[in-house]
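First residue of the sequence shown? That's 175 in the working numbering, and the numbers climb one at a time after it.
Yeah, the Cβ is synthetic: ideal placement off N, Cα and C, and Gly gets one too.
As structure tokens, the structure follows; a few thoughts come after it.
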Amino acid sequence: MWPTLGAAVRAAVRPSPANAALAAALRPTVTRPLAAPLAAATLSASRTRSTLARSDGRFIRYKPVTNGLRHKRDVDMDALGVWQGEPEASLIVIKKRTGGRNHHGRITVRGRGGGPLRVIRQVDFLRRTPGPQTVQRIEFDPFRSAFLALLKHNATGKLSYIIAPQGVKAGDVLYSYRTGIPEELANAEPGMASPVIQVGNCLQIKDIPVGTTIHCVGLRRWGPAIMCRSAGSSGQVISTSNDGYAQIRLQSGEVRLIHVRCVATIGSASNPDWMHRVLGSAGASRNRGRRPKVRGVAKNPSDHPHGGGEGKTKGKIPVTPWGVPTKGYKTRRKAKPTWWIVKERPRGKNK
Numbered sequence: 175m176w177p178t179l180g181a182a183v184r185a186a187v188r189p190s191p192a193n194a195a196l197a198a199a200l201r202p203t204v205t206r207p208l209a210a211p212l213a214a215a216t217l218s219a220s221r222t223r224s225t226l227a228r229s230d231g232r233f234i235r236y237k238p239v240t241n242g243l244r245h246k247r248d249v250d251m252d253a254l255g256v257w258q259g260e261p262e263a264s265l266i267v268i269k270k271r272t273g274g275r276n277h278h279g280r281i282t283v284r285g286r287g288g289g290p291l292r293v294i295r296q297v298d299f300l301r302r303t304p305g306p307q308t309v310q311r312i313e314f315d316p317f318r319s320a321f322l323a324l325l326k327h328n329a330t331g332k333l334s335y336i337i338a339p340q341g342v343k344a345g346d347v348l349y350s351y352r353t354g355i356p357e358e359l360a361n362a363e364p365g366m367a368s369p370v371i372q373v374g375n376c377l378q379i380k381d382i383p384v385g386t387t388i389h390c391v392g393l394r395r396w397g398p399a400i401m402c403r404s405a406g407s408s409g410q411v412i413s414t415s416n417d418g419y420a421q422i423r424l425q426s427g428e429v430r431l432i433h434v435r436c437v438a439t440i441g442s443a444s445n446p447d448w449m450h451r452v453l454g455s456a457g458a459s460r461n462r463g464r465r466p467k468v469r470g471v472a473k474n475p476s477d478h479p480h481g482g483g484e485g486k487t488k489g490k491i492p493v494t495p496w497g498v499p500t501k502g503y504k505t506r507r508k509a510k511p512t513w514w515i516v517k518e519r520p521r522g523k524n525k
């Protein structure tokens, strides 16, 4: 009986011990280059740029050889000297994606799915370690809009990540005065700029002058930074009172009361041009773990209140798939205490 074609092919390509040893001897040895030292990290941080990319020193635009590249626009990180290589291995943690499912396997968050492996950088939002810390490099975080700054403590040599303030570069020395300002620095000479109030330094709000721009603002005493952490965001200290609270104006126009013992960092968050980037294609959004969104009028009436009907329909009140109004409907819970909000952000016609 003649063997089949599939069996003959499998027999021909089945590796023998002799062939395996020969293949191992002829296989080229590939050595992975070592990571660049921190001192020279900023010199070799750029990725290989495509020949289709053109930079104006601020943004990167692409030659429209495809429709996805026609309107695509990225922030030029090479011009900013931002490290785009591997992160610090001791400061990362792998986070498993859920695809929007809970432990029962049911979708609880719509529009999630796919995307790359999430290598989360552990950012120090507490900044409780005092002493000088030198900025090793400004680093790009693919899962965060603002840049990160890798710090190295001058005394202990410990590495840590913080949100990079706008204007901070490699080689700068930053301080954390969260536990208090030393006496020799507390009393600055009249007419001289305080060495404590420098961009990137971390202080309690009670030690920050009125009118100073801040970011990475905490909401609890000795707690981590919560607000103003995204790219280009910041707040401003309006006033401080004797009752232990300060008024902070946010970029949305809202004015909040925050305890003076809470933490804040001088300056604004880095990468303000993040808001001007354009993905350019649907595939770029899918690569980031975002699935397509279907309009409600294109669904069946069993799936959405806007669905169904013969042909196109108009005039329906905009609601969510669960029937909650989406325009002009107040969603803030009435039982939620809002005494700390001095002035609400403008909404609707008041914007």
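DSSP three-state call for residue 257: helix, strand or coil?
strand
Pairwise C-alpha distance: residue 320 and residue 454:
Here the C-alpha atom of residue 454 lies approximately 21 angstroms from the C-alpha atom of residue 320.
For residue 514, which residues in the same chain have their Cβ closer than 7 angstroms to its Cβ, ignoring the five residues on either side in sequence?
430, 431
Residues near residue 490 by beta carbon distance below 6 angstroms, same chain, minus five either side
480
Please classify residue 379: does DSSP put it in a helix, a strand, or coil?
helix
How far does the beta strand (DSSP E) with residue 438 in it extend, from its first residue to its last?
437-440 is the extent of the beta strand (DSSP E) around residue 438.
What did DSSP end up calling residue 239 once you bin it into helix, strand or coil?
Residue state, collapsed to three classes: coil.
Determine the direct distance from the alpha carbon of residue 473 to that of residue 486, and round the result to whole angstroms.
12 angstroms
Chain-order list of residues whose beta-carbon lies under 6 angstroms from that of residue 229 (same chain, five-residue window excluded):
Excluding its 5 nearest sequence neighbours in each direction, residue 229 has C-beta neighbours in its own chain below 6 angstroms: 250, listed in chain order.
So what's residue 359 in DSSP terms, helix, strand or just coil?
Residue 359 sits in a helix when the DSSP states are folded into three classes.
Beta-carbon gap between residue 412 and residue 423 smaller than 8 angstroms
yes
Is the beta carbon of residue 371 less than 8 angstroms from the beta carbon of residue 443?
no
Measure the C-alpha to C-alpha separation of residue 492 and residue 483 and round it to an integer number of angstroms.
Looking at the two C-alpha atoms, the distance is approximately 16 angstroms.
Closer than 8 angstroms is the cut-off here; do at least three beta carbon pairs connect the stretch 316-334 with the stretch 286-301?
yes
For residue 428, the nearest candidate out of 309, 246, 501, 521 (CA to CA)
521
Under DSSP, the beta strand (DSSP E) around residue 459 begins and ends at which residues?
Counting along the chain, residue 459 sits inside no beta strand (DSSP E); it lies in the alpha helix (DSSP H) bounded by residues 456-460.
Checking the sheet assignment: what are the DSSP bridge partners for residue 372?
Paired residues: none, contrary to the question.
Considering only DSSP beta bridges, list what residue 339 is partnered with.
443
Hey, residue 223 and residue 235: beta-carbon distance below 8 angstroms or not?
no
Cα-Cα separation between residue 357 and residue 273, rounded to whole angstroms:
Between residue 357 and residue 273, the C-alpha separation is close to 53 angstroms.
Are residue 348 and residue 309 close, meaning C-beta to C-beta below 8 angstroms?
yes
Quick one: what does DSSP say residue 264 is sitting in, helix, strand or coil?
helix
Exposure of residue 313, with buried meaning 16 or more beta-carbon neighbours within 10 Å
buried
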